[in-house]
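Peer 1: In full-length UniProt numbering, the protein residues as written are 1 to 226.
Each residue gets a CB set at the ideal place from its N, CA and C atoms; glycine is no exception.
Nothing here was measured: the structure is a model prediction, and the numbers come from that model.
(1) Use the C-beta contact count for residue 103: other C-beta atoms within 10 angstroms, 16 or more gives buried, fewer gives exposed.
(2) What are the boundary residues of the beta strand (DSSP E) that residue 37 is part of?
(3) Who are residue 98's beta bridge partners in DSSP?
(4) Is the beta carbon of residue 155 closer than 8 Å to that of residue 118?
(5) Opposite residue 89 in the DSSP bridges: which residues?
(6) Here's a check: name, in chain order, each residue in its chain whose Cβ is nearer than 8 Å to the Cβ of residue 126, leaving out the five neighbours to either side.
(7) I'd like the span of the beta strand (DSSP E) that includes residue 30, first residue to last.
(8) Could you have a look at residue 152 and say whether DSSP puts it in helix, strand or coil?
(9) Let me know the beta strand (DSSP E) ranges lying completely inside the UniProt DNA-binding region "OmpR/PhoB-type" (127-226), each 3 residues or longer, listed in chain order.
(10) Considering only residues of the same chain and omitting the five flanking positions on each side of residue 179, which have a CB-CB separation below 6 Å?
(11) Which partner residues does residue 60 have in the DSSP bridge list?
(12) Do you know how far the Cα of residue 10 is from the Cα of residue 124?
(13) Taking all protein chains shown into account, do 16 or more other C-beta atoms lie within 10 angstroms of the C-beta of residue 150, making it buried, or fewer, making it exposed?
(14) Would you mind sorting residue 225 into buried or exposed? The rule is 16 or more other CB atoms within 10 Å of its CB.
Structural data, given as structure tokens:
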């Protein structure tokens, strides 16, 4: 049973989500403030966190940053803010997905399932290792390593990297990346890719401004060069 934490001060929405998720077999914790949400996450270690941006004590972005300081738990932001800068800020802070209110329940549940899959442990024990001169990827352990040690990646960052690592040296188109990581409804959300690949370069490339391994083909897609 996956445990989901919802951080939102909208009581009717919390109640509706709790009923829908519990009916589908999820264990649900709720919090009405950013502070309560961070405390709950530390005490109960959820498998997924859903965070509203408009919280009464802190902006939800601070919850995302607070969680990312110590956890790679999948995070889905839920917000009434529809602007692209708001979405980019949330993704840049470490969120894995962004859902705008109002939303369809079926689509939201599909996003939850996708986020949980990205955060799930590997299903096999067969080791597959991809090496560059800057970092090493262990595809079974879902671990990226620099010469200085392991690199903390979010589930979505890892999933993107994993898709490229399956066929190193080969261009992977925007649509394929978006479809594999977020699902077929996200094939036009290229801003998701821009933000997450910028974060990956900051974490893995010796010179993020002049990447040698995580390469962009403008208008087409991305490539992992070994």
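Peer 2: Once the coordinates are examined:
(1) exposed
(2) Segment 34-44 is the alpha helix (DSSP H) holding residue 37; no beta strand (DSSP E) there.
(3) 77
(4) yes
(5) Residue 89 pairs with nothing; no bridge assigned.
(6) Confidence at residue 126 is low in this model, with a pLDDT of 45, below 50, so the placement of that residue should be treated as unreliable; the coordinate-derived value is given next. Closer than 8 Å at Cβ, skipping near neighbours: 140.
(7) 27-31
(8) coil
(9) 129-131, 136-138, 143-146, 149-151, 214-217 and 221-224
(10) 187
(11) In DSSP, residue 60 forms no bridge with anything.
(12) Summary for residue 124: the model assigns pLDDT 45, below 50, so the residue's position carries little reliability; its value from the coordinates is reported in the next sentence. If I take the Cα positions, the gap works out to 41 Å.
(13) exposed
(14) exposed
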